[in-house]
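Q: This is the structure I want to talk about, given as structure tokens.
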Amino acid sequence: MKAYVVVATKGRASVAGCVLRALQQQTCPAQHIVFVGSEPADVAGLDSHPLHSAGTVSVLLSEAGLTRQRNAGLERLATLTRGEDPAQWFVVFFDDDFRPAPDWLAHCRAALLDDPQLVGVGGTVLADGITGTPITESQAQDFIESRCPPMKHTWSGPRRDVPDLYGCNMAYRGTVASHERFDPALPFYGWLEDVDYSVKASRLGALRHIPECRGVHMGSSSGRTSGVRFGYSQIANPLYLIRKKTMPLPKGGLTLLRNMLSNSANTLLRNQSRDYTGRLRGNLMAIRDLFRGHCHPTRVTGIQ
């Protein structure tokens, strides 16, 4: 079974270069790796890598936005896998700031080979800098090599079927990836695009947490969308997915409430690790638009 990897990157070429080095260390090498940026600076240096010269790495440009960039990567895979049995290949989506353990692809491949009904795999997040202080490259290796104990995280624990997958490290069998695309109506950071995609994938088979697929989400702050834009998406995107029926109302409501409470509390506490004040402003803008009847994820494109 062939493994493919798609990495969308924006504003941090050096970080993307580091994930390529991590992918070189996989015990089950990827058949092909696709990097997708939105401008040449996003992927600077990747086209001079030996794997690019060898034809194992593609470097593409597309319209900015996580969903659009990932879709561009999937279109590239459609060309590379033409004529192949979609049940016999899979694609992994790694964030550019996710560092997989060297056996991530091997364990994913084994899980998919073991169960033909399995269409999606999510891994264990040993540490996640997205919720606090970003994690450095050396700290990530400490977690992967067990020099640091793993942090408590939702994506940990035993092997189990799950309703959706975490977008920083998720894999799909070709039976899904050959035709399913990410929703371009979720622009920029694409907040909750992983939930939307994986729920659609679950209609074709099982989604499973595989604890042996371990890695670290560093949570690099560079290259991310503005706090106000992200805050707007924190409200608009769940509401949109509830209407699409790819997010249950209770889960969507809890997501909205948790985001607003977190942004409010961190604003009052003057937490400067993230732009919580901007996020709260974006939350309130989305709620205002909701009462006016035109709250939609794409409206974030008009916000700076």
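All you need for my numbering is the position in the sequence shown, starting with 1, plus 509. Positions of the beta carbon are idealized from the N, C-alpha and C atoms, including for glycine.
On the DSSP bridge list, what partners appear for Gly632?
A: For Gly632, which the question treats as bridged, DSSP gives the partners Ile719.
Q: I need the DSSP call for Pro693, collapsed to helix, strand or coil.
A: Three-state result, Pro693: coil.
Q: For the beta strand (DSSP E) that Ala563 lies in, which residues bound it at each end?
A: Looking at the DSSP string, Ala563 is not in any beta strand (DSSP E), and its letter there is neither H nor E.
Q: Is the separation between the beta-carbon of Ala539 and that of Phe599 shorter than 8 Å?
A: Cβ atoms of Ala539 and Phe599: not closer than 8 Å.
Q: If the criterion is Cβ atoms closer than 8 Å, does the pair Ala517 and Gly582 meet it?
A: Cβ atoms of Ala517 and Gly582: closer than 8 Å.
Q: Look up Pro863 in the DSSP assignment and give the residues it is bridged to.
A: This structure does not reach residue 863, given that the chain is present from 510 up to 813, and the question cannot be answered.
Q: Taking 8 Å as the threshold (C-beta atoms), are His803 and Asp606 in contact?
A: Against a cut-off of 8 Å, the Cβ pair of His803 and Asp606 comes out as no contact.
Q: What does the alpha-carbon distance come out to for the pair Cys657 and Arg530?
A: Cα-Cα distance, rounded: 22 Å.
Q: How far does the alpha helix (DSSP H) with Ile812 in it reach, from first residue to last?
A: Unbroken run through Ile812: none, as it is neither H nor E.
Q: Which stretch, first to last residue, makes up the beta strand (DSSP E) that contains Gly546?
A: Counting along the chain, the beta strand (DSSP E) containing Gly546 begins and ends at His541 to Gly546.
Q: Whose C-alpha, out of Val634, Pro696, Ile751 and Tyr681, is nearest the C-alpha of Gly666?
A: The shortest Cα separation from Gly666 among Val634, Pro696, Ile751 and Tyr681 belongs to Val634.
Q: So Ile796 packs on Ile751, CB below 8 Å; how close in whole Å?
A: In fact, because the Cβ distance is near 15 Å, the residues do not count as touching under 8 Å.
Q: With the cut-off set at 8 Å, would you say Met510 and Gln597 are in Cβ contact?
A: Closer than 8 Å, so yes.
Q: Under 8 Å between the Cβ atoms of Pro759 and Thr576?
A: Contact flag unset, no.
Q: Following the continuous beta strand (DSSP E) through Arg530, name the residue where it begins and the one where it ends.
A: Counting along the chain, Arg530 falls outside any beta strand (DSSP E), though it belongs to the alpha helix (DSSP H) covering Ala522 to Gln533.
Q: Would you call the region 705-717 in contact with the region 625-634, where contact means no fewer than 3 C-beta pairs closer than 8 Å?
A: Verdict: yes, contact present.
Q: Between Ala619 and chain E, is the shortest Cβ-Cβ distance under 8 Å, so that the two count as touching?
A: Any reference to chain E falls outside this structure, which holds one protein chain only.
Q: Please confirm if the region 670-686 is in contact with the region 698-712, defined as three or more CB-CB distances below 8 Å between the two stretches.
A: Output reads yes: the region 698-712 touches the region 670-686.
Q: By the 10 Å Cβ neighbour count, where 16 or more other Cβ atoms means buried, how is Arg783 classified, buried or exposed?
A: When all chains shown are included, Arg783 counts as buried.
Q: From the DSSP output, read off the bridge partner residues of Lys511.
A: DSSP lists Trp598 as partners of Lys511.
Q: In its own chain, which residues sit with a C-beta less than 7 Å from the C-beta of Asp651, not counting the 5 before and 5 after it?
A: Around Asp651: Cys657.
Q: Mark Gly740 as exposed unless 16 or more other C-beta atoms lie within 10 angstroms of its C-beta, in which case mark it buried.
A: By the 10 Å Cβ count, Gly740 comes out buried.
Q: How do the region 545-552 and the region 564-575 stand: do at least 3 beta-carbon pairs fall below 8 Å, yes or no?
A: Yes, they touch.
Q: To which residues does DSSP link Leu627 through a beta bridge?
A: Looking at the DSSP assignment, Leu627 forms a beta bridge with Ala715.
Q: Tell whether a beta-carbon distance below 8 Å holds between Leu622 and Cys537.
A: No.
Q: Taking Gly520 as the reference, give the member of Gln535, Gly641, Val528 and Val552 with the closest Cα.
A: Closest by alpha carbon: Val552.
Q: From the DSSP secondary-structure annotation, give me the bridge partner or partners of Val737.
A: BP columns for Val737 are empty, so no partner.
Q: From which residue to which residue does the beta strand (DSSP E) around Tyr681 run?
A: Taken as a continuous stretch (DSSP letters only), the beta strand (DSSP E) holding Tyr681 covers Asn678 to Arg682.
Q: How many angstroms separate the CA atom of Gly736 from the CA atom of Gly791?
A: Computed Cα separation, rounded: 7 Å.
Q: Taking only the alpha-carbon atoms, compute the straight-line gap between Phe602 and Ser773 and give it to the nearest angstrom.
A: Cα to Cα, the separation comes out at about 32 Å.
Q: Does DSSP put Arg579 in a helix, a strand or coil?
A: Helix.
Q: Kindly list the residues whose CB is nearer than 7 Å to the CB of His558, restricted to its own chain and excluding five residues on each side of it in sequence; keep chain order.
A: Closer than 7 Å at Cβ, skipping near neighbours: Leu529 and Val566.
Q: Which residues share a DSSP beta bridge with Phe603?
A: DSSP lists Asn678 as partners of Phe603.
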